[in-house]
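Be aware that the sequence shown starts at 1, since it is given in the UniProt record's numbering, and climbs by one per residue.
Here's the structure, in structure tokens; my notes come after.
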Amino acid sequence: MATGIGRIGIIGGSGWLGAAFAQAFLEKGLVAPEALTLSNRTGSGPIAGVTWTSDNQALVERSDIVILSVRPEQFLDLSMAAGDRVLLSFMAGVTIETLRARTGARRIVRTMPNAAATIGACFTPWFATPEVGPDDKARVQALLEACGSAGELGSEDEIDYVSGFTGAGPALPALLARAMIQHATARGLPPALARQAALSVVTGAAQLLAEKDADPSAIMDALIGYRGITAALLETAMAGGFESLIGTALAAGEARAREMSARSAGSGGNGDA
Ligand SMILES: NC(=O)C1=CN([C@@H]2O[C@H](COP(=O)(O)OP(=O)(O)OC[C@H]3O[C@@H](n4cnc5c(N)ncnc54)[C@H](OP(=O)(O)O)[C@@H]3O)[C@@H](O)[C@H]2O)C=CC1
Ligand SMILES: O=C(O)[C@@H]1CCC=N1
Numbered sequence: 001m002a003t004g005i006g007r008i009g010i011i012g013g014s015g016w017l018g019a020a021f022a023q024a025f026l027e028k029g030l031v032a033p034e035a036l037t038l039s040n041r042t043g044s045g046p047i048a049g050v051t052w053t054s055d056n057q058a059l060v061e062r063s064d065i066v067i068l069s070v071r072p073e074q075f076l077d078l079s080m081a082a083g084d085r086v087l088l089s090f091m092a093g094v095t096i097e098t099l100r101a102r103t104g105a106r107r108i109v110r111t112m113p114n115a116a117a118t119i120g121a122c123f124t125p126w127f128a129t130p131e132v133g134p135d136d137k138a139r140v141q142a143l144l145e146a147c148g149s150a151g152e153l154g155s156e157d158e159i160d161y162v163s164g165f166t167g168a169g170p171a172l173p174a175l176l177a178r179a180m181i182q183h184a185t186a187r188g189l190p191p192a193l194a195r196q197a198a199l200s201v202v203t204g205a206a207q208l209l210a211e212k213d214a215d216p217s218a219i220m221d222a223l224i225g226y227r228g229i230t231a232a233l234l235e236t237a238m239a240g241g242f243e244s245l246i247g248t249a250l251a252a253g254e255a256r257a258r259e260m261s262a263r264s265a266g267s268g269g270n271g272d273a
């Protein structure tokens, strides 16, 4: 192995997540440029000093850990045999069974990062098959922590749940910010100021909630305790079903992840390629 982490290959290394993790590995000194191989269909990309290829099997041969970061539908057109390497998948809705059937891998880790990986603020849950030993689990944890934090899940089933949760990342907070911008603009605030106000509310809240021991309920209770404006706002949102709607949305994300998993299953295997 080139370093304690080993040689890393990222299939889809020029994509949103693949490039974010590749940059973070290099910036944190976790992986040396000569130990990092990235692929896409053109065999070239914007990250310098590493090896680029369009040959995914060549990438596999140069790697100890292979990260799969193509879109689920692109995976169905992709051919590679992982052998004994650790295969770490970022893909939503592609099960361990499908990964095993299509790549021959047995040491498989499914993960669910999100778009905040680009700013190193992504929490990535992961689940590993029993064949992944403690040393490789430690490597996986270190690789994922390059873009934020990470934690092991107890079952693959939980990956489908978190796909619409951690995987969606900024999506629900962005919806909240947009709803605030739309309301404030309709109320007559200048659009630029409405945008600045809404984004500062959401990003300021994120920073407060990132404080150690921050408790969303405690923050709400403290503000409701004034029995004034925030109490009116929060109690109206809760009485209107805000929390139950968030639950319904998360359940819809989970259901879609399961549909995608079912669709990708039985798509055929070429693990001996
Ligand atoms: N983006 C997100 O927020 C999240 C994404 N995910 C999952 O992560 C995975 C990657 O997503 P994301 O980074 O957003 O996707 P992108 O579309 O940004 O990246 C996909 C990458 O795959 C490359 N690619 C496509 N086909 C092949 C191939 N046959 N061989 C090698 N490379 C190929 C593309 O390059 P080119 O077209 O040049 O070949 C591109 O670099 C997806 O499966 C998604 O479900 C999970 C959670 C959150
Ligand atoms: O929405 C998606 O399908 C991808 C995977 C999870 C988050 N983004």
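C-beta: ideal position from N, C-alpha, C; glycine also.
The structure displayed is predicted, hence computed values, not measured ones.
The Cβ atoms of S89 and I8 lie no closer than 7 Å to each other.
Rounded to the nearest angstrom, the Cβ distance from G169 to A116 is 5 Å, consistent with a contact under 8 Å. In the three-state reduction of the DSSP assignment, R100 falls in the helix class.
Screening all residues for a C-beta within a distance smaller than 6 Å of any heavy atom in ligand 2 leaves A92, S163, G167, A168, in chain order. For S163, the closest alpha carbon among the candidates F75, Y226, G93 is that of G93. Spanning the alpha carbons of A19 and A232 requires a straight line of approximately 44 Å.
K137 sits close to A128, with the two beta carbons spaced by under 7 Å. Distances from the CB of F90 to the heavy atoms of ligand 1 include at least one below 6 Å. In this structure, the straight-line span from the alpha carbon of T124 to that of G225 is close to 35 Å. Excluding residues up to 5 positions away in sequence, W52 lie with their Cβ nearer than 7 Å to the Cβ of S44 in the same chain.
In the three-state reduction of the DSSP assignment, P173 falls in the helix class. Per DSSP, the beta-bridge partners of S39 are I11, T53. Burial state of V201 is exposed, judged by a 10 Å Cβ sphere holding fewer than 16 other Cβ atoms. The beta-bridge partner set that DSSP reports for P191 is empty.
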